[in-house]
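**Student:**
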Amino acid sequence: MHTDTASSALGSKLTVICGANEMELDEVGGKTVRQIREQLREILSIHEDHNLVYVDGREVNDLDYVLSGKERLEFKKPSGRKG
Amino acid sequence: MRVVVIGLGGIGTNLIDPLCRTLVFSESKRASKQVLLLDGDAYESRNRERQRYVANGNKAEATKIWLKESFPELEIEARGRYIDADSAYLFIKEGDTVFLGVDNHATRKVVSVRMGELSNGLLISGGNDKYDGNVQIYERRNGEDHTPPLTYQHPEIENPPDKNPAELGCDKLVARGEPQIVSVNNFAAGLMLSSYVIWLESGELPYREAYFDIKTGRVRPVKIER
Numbered sequence: 000m001h002t003d004t005a006s007s008a009l010g011s012k013l014t015v016i017c018g019a020n021e022m023e024l025d026e027v028g029g030k031t032v033r034q035i036r037e038q039l040r041e042i043l044s045i046h047e048d049h050n051l052v053y054v055d056g057r058e059v060n061d062l063d064y065v066l067s068g069k070e071r072l073e074f075k076k077p078s079g080r081k082g
Numbered sequence: 000m001r002v003v004v005i006g007l008g009g010i011g012t013n014l015i016d017p018l019c020r021t022l023v024f025s026e027s028k029r030a031s032k033q034v035l036l037l038d039g040d041a042y043e044s045r046n047r048e049r050q051r052y053v054a055n056g057n058k059a060e061a062t063k064i065w066l067k068e069s070f071p072e073l074e075i076e077a078r079g080r081y082i083d084a085d086s087a088y089l090f091i092k093e094g095d096t097v098f099l100g101v102d103n104h105a106t107r108k109v110v111s112v113r114m115g116e117l118s119n120g121l122l123i124s125g126g127n128d129k130y131d132g133n134v135q136i137y138e139r140r141n142g143e144d145h146t147p148p149l150t151y152q153h154p155e156i157e158n159p160p161d162k163n164p165a166e167l168g169c170d171k172l173v174a175r176g177e178p179q180i181v182s183v184n185n186f187a188a189g190l191m192l193s194s195y196v197i198w199l200e201s202g203e204l205p206y207r208e209a210y211f212d213i214k215t216g217r218v219r220p221v222k223i224e225r
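These protein sequence lines are chains R and E, in that order. Throughout the first sequence, residue numbering follows numbering that gives the first Met the number 0, covering 0 to 82 in sequence. Throughout the second sequence, residue numbering follows numbering that gives the first Met the number 0, covering 0 to 225 in sequence.
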């Protein structure tokens, strides 16, 4: 089985990842994946087609998934197309 | 056991010289001295902005000419055609290492599927958008996936929205060109070669995927979890 890095459950911050970039957010417990995406859309270049979402390595299909604020949230960036 | 380089465009042209140099001087038994170049595209003068341009003509055939002069120690062959689902078995064989620098996900899927048919093989695929991109590494060992295929966590490759160039008409082929930056192509090529060098030395991969972004200066590896 191939899985990504597991949870950051011991931390107190939400780690948000898109492509090469990541950042940590404090005190965002109770926010949804959708809200975090809107908040960081420009900062992390989260595009409309970044629809594959992982929370602590588990795929999440519901953008209204409520976060505890201590997870590792990844908006999976599609592969570069050109070459 | 050969090295197959598919795509001699922006990434391929930045990869091929240091790759051949690595193959010549590597002491690793995993370093093949046989290289197959594959590309159905022809050079045009507009390619000079990002690609090593010698003369008009097929990219694979033109690249072979100067590579053979620079690296007489290598056996270099070229095929001036696109790889597709029907021809993949002809060009990718058991034990091969494939470097994939193409400009469409349809071909990435074809090559990933073919790699999955091998018992042993290594596929290093690079792709970029204007300022960022990624490298994916798919290794097969003894009939099993040692790292995941290119389609894993990449639905855009599993169900590509684009077409294999072998299926496009001339007008669509001309329209494929989009603005790219040579340093981004070079970055992707460098990451591809770097991961290969680690594999040559140790037989192990440092990561199964790596994203890069030249605007932020970041590189993020995706580790192999076991």
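Built from N, CA and C at the ideal position, the CB exists for glycine as well.
Whose Cβ in chain R lies nearer than 7 Å to the Cβ of residue 211 of chain E?
**Tutor:** Residue mapping note: residue 211 of chain E aligns to position 212 of the second sequence, counting from 1. Under the 7 Å cutoff, chain R gives 19.
**Student:** Three Cβ pairs or more, each shorter than 8 Å: is that satisfied between the stretch 176 to 189 of chain E and the stretch 156 to 168 of chain E?
**Tutor:** Touching, no.
**Student:** Taking the C-alpha atoms as reference points, what is the distance between residue 28 of chain E and residue 46 of chain R?
**Tutor:** Numbered from its first residue, the second sequence carries residue 28 of chain E at position 29. Numbered from its first residue, the first sequence carries residue 46 of chain R at position 47. Going from the Cα of residue 28 of chain E to the Cα of residue 46 of chain R covers about 43 Å.
**Student:** Considering only residues of the same chain and omitting the five flanking positions on each side of residue 57 of chain E, which have a CB-CB separation below 6 Å?
**Tutor:** Here residue 57 of chain E refers to the residue found at position 58 when the second sequence is read from its first residue. So the list reads 41 and 79, once near-sequence residues are dropped.
**Student:** Going by the beta-carbon positions, is the gap between residue 90 of chain E and residue 123 of chain E smaller than 9 Å?
**Tutor:** On the second sequence, position 91 is the one that residue 90 of chain E refers to. On the second sequence, position 124 is the one that residue 123 of chain E refers to. Not a contact, by the Cβ cut-off of 9 Å.
**Student:** Look up residue 72 of chain E in the DSSP assignment and say whether it is helix, strand or coil.
**Tutor:** Reading the second sequence from its first residue, position 73 is the one you call residue 72 of chain E. Residue 72 of chain E falls in the coil class under three-state DSSP.
**Student:** Which residue spans inside the stretch 124 to 190 of chain E form an unbroken beta strand (DSSP E) run of at least 3?
**Tutor:** Counting whole runs of 3 or more residues, the stretch 124 to 190 of chain E contains the beta strand (DSSP E) stretches 131 to 140.
**Student:** Does the beta-carbon of residue 25 of chain R have 16 or more other beta-carbons within 10 angstroms, so that it is buried, or is it exposed?
**Tutor:** Taking the first sequence and counting its residues from 1, one reaches residue 25 of chain R at position 26. It counts as exposed.
**Student:** Going by the DSSP bridge assignment, what does residue 31 of chain R pair with across the sheet?
**Tutor:** What you label residue 31 of chain R is simply residue 32 of the first sequence in a count that begins at 1. DSSP, once it has assigned bridges, lists R:65 as partnering residue 31 of chain R.
**Student:** Would you call the CB atoms of residue 180 of chain E and residue 82 of chain E closer than 9 Å?
**Tutor:** As a working mapping, residue 180 of chain E is identified with position 181 in the second sequence. As a working mapping, residue 82 of chain E is identified with position 83 in the second sequence. Cβ distance not < 9 Å, so residue 180 of chain E and residue 82 of chain E don't count as in contact.
**Student:** Using a Cβ-Cβ cut-off of 6 Å (strictly less than) and excluding sequence neighbours within five positions of residue 121 of chain E, which residues of its own chain qualify?
**Tutor:** Numbered from its first residue, the second sequence carries residue 121 of chain E at position 122. 96 and 138, listed in sequence order.
**Student:** Could you tell me the distance, in whole angstroms, from the CA atom of residue 2 of chain E to the CA atom of residue 114 of chain E?
**Tutor:** Here residue 2 of chain E refers to the residue found at position 3 when the second sequence is read from its first residue. Here residue 114 of chain E refers to the residue found at position 115 when the second sequence is read from its first residue. Going from the Cα of residue 2 of chain E to the Cα of residue 114 of chain E covers about 13 Å.
**Student:** Taking 9 Å as the threshold (beta carbon to beta carbon), is residue 16 of chain R in contact with chain E?
**Tutor:** Locating residue 16 of chain R in the first sequence gives position 17, where the first residue counts as 1. Cβ-Cβ to chain E under 9 Å: yes for residue 16 of chain R.
**Student:** State the Cα-Cα distance for the pair residue 205 of chain E and residue 33 of chain R, rounded to the nearest angstrom.
**Tutor:** Reading the second sequence from its first residue, position 206 is the one you call residue 205 of chain E. Reading the first sequence from its first residue, position 34 is the one you call residue 33 of chain R. Cα to Cα, the separation comes out at about 33 Å.
**Student:** Kindly give me the distance between the Cβ atoms of residue 219 of chain E and residue 21 of chain R, rounded to whole angstroms, as I take these residues to be in contact under 8 Å.
**Tutor:** In the second sequence, counting from the first residue as 1, residue 219 of chain E sits at position 220. In the first sequence, counting from the first residue as 1, residue 21 of chain R sits at position 22. Yes, residue 219 of chain E and residue 21 of chain R are in contact; Cβ-Cβ is about 7 Å, under 8 Å.
**Student:** Which residues in chain R have a C-beta closer than 7 Å to the C-beta of residue 128 of chain E? List them in chain order.
**Tutor:** Translated into the one-based positions of the second sequence, residue 128 of chain E becomes position 129. Residues of chain R passing the Cβ test: 79, 80 and 81.
**Student:** Can you give me the Cβ contacts of residue 16 of chain R inside the same chain, cut-off strictly under 6 Å, excluding the 5 residues immediately before and after it?
**Tutor:** Counting from one through the first sequence, the residue named residue 16 of chain R turns up at place 17. Excluding sequence neighbours, residue 16 of chain R sits near 73.
**Student:** Considering only the beta carbon of each residue, do residue 200 of chain E and residue 221 of chain E sit closer than 9 Å?
**Tutor:** As a first step, residue 200 of chain E is located in the second sequence; it is residue number 201 there, counting from the start. As a first step, residue 221 of chain E is located in the second sequence; it is residue number 222 there, counting from the start. No.
**Student:** Would you tell me roughly how many angstroms separate the C-alpha atoms of residue 43 of chain R and residue 74 of chain E, rounded to the nearest one?
**Tutor:** Along the first sequence, one-based indexing puts residue 43 of chain R at 44. Along the second sequence, one-based indexing puts residue 74 of chain E at 75. Answer to the nearest angstrom: the Cα atoms are 45 Å apart.
**Student:** Using the Cα positions of residue 127 of chain E and residue 217 of chain E, report the straight-line distance between them to the nearest angstrom.
**Tutor:** Here residue 127 of chain E refers to the residue found at position 128 of the second sequence. Here residue 217 of chain E refers to the residue found at position 218 of the second sequence. Roughly 14 Å separates the two Cα atoms.
**Student:** Tell me whether residue 5 of chain R is buried or exposed, calling it buried when 16 or more other Cβ atoms sit within 10 Å of its Cβ.
**Tutor:** Reading the first sequence from its first residue, position 6 is the one you call residue 5 of chain R. In this prediction, residue 5 of chain R has a pLDDT of 43, which is less than 50 and means its spatial position is unreliable; nothing more can be read from the coordinates.
**Student:** Give the DSSP-derived three-state secondary structure of residue 39 of chain E in the structure shown.
**Tutor:** For the purposes of this step, residue 39 of chain E is identified with residue 40 of the second sequence, where counting begins at 1. Coil.
**Student:** Provide the residue span of the alpha helix (DSSP H) that contains residue 88 of chain E, from first to last.
**Tutor:** The count along the second sequence starts at 1 and reaches residue 88 of chain E at position 89. Taken as a continuous stretch (DSSP letters only), the alpha helix (DSSP H) holding residue 88 of chain E covers 87 to 90.
**Student:** Do residue 76 of chain E and residue 36 of chain E have their C-beta atoms within less than 9 Å of each other?
**Tutor:** Residue numbering aside, residue 76 of chain E sits at position 77 when the second sequence is read from its first letter. Residue numbering aside, residue 36 of chain E sits at position 37 when the second sequence is read from its first letter. In this structure, residue 36 of chain E lies closer than 9 Å to residue 76 of chain E by Cβ.
**Student:** Using 9 Å as the limit for Cβ to Cβ distance, is residue 62 of chain R near chain E?
**Tutor:** Stepping through the first sequence from its first residue, residue 62 of chain R is reached at position 63. With 9 Å as the cut-off, residue 62 of chain R does not count as an interface residue toward chain E.
**Student:** Shorter than 9 Å from the beta carbon of residue 155 of chain E to some beta carbon of chain R?
**Tutor:** Within the second sequence, numbered from 1, the residue matching residue 155 of chain E stands at position 156. Answer yes: the Cβ-Cβ gap between residue 155 of chain E and chain R drops below 9 Å somewhere.
**Student:** Mind checking whether residue 70 of chain R and residue 14 of chain R have CB atoms under 9 Å apart?
**Tutor:** Translated into positions along the first sequence, residue 70 of chain R becomes position 71. Translated into positions along the first sequence, residue 14 of chain R becomes position 15. Cβ atoms of residue 70 of chain R and residue 14 of chain R: closer than 9 Å.
**Student:** Closer than 7 Å by beta-carbon distance: list the chain E residues that pair up with residue 51 of chain R, in chain order.
**Tutor:** Here residue 51 of chain R is taken as the residue at index 52 of the first sequence, counted from 1. Chain E residues near residue 51 of chain R: 152 and 154.
**Student:** Exposed or buried, which one is residue 133 of chain E when buried takes at least 16 other CB atoms within 10 Å?
**Tutor:** Reading the second sequence from its first residue, position 134 is the one you call residue 133 of chain E. Looking at its Cβ environment, which holds 16 or more other Cβ atoms inside 10 Å, residue 133 of chain E is buried.
**Student:** List the residues of chain E that residue 75 of chain R touches, going by C-beta distances under 7 Å, in chain order.
**Tutor:** Counting from one through the first sequence, the residue named residue 75 of chain R turns up at place 76. Here the neighbours are 152.
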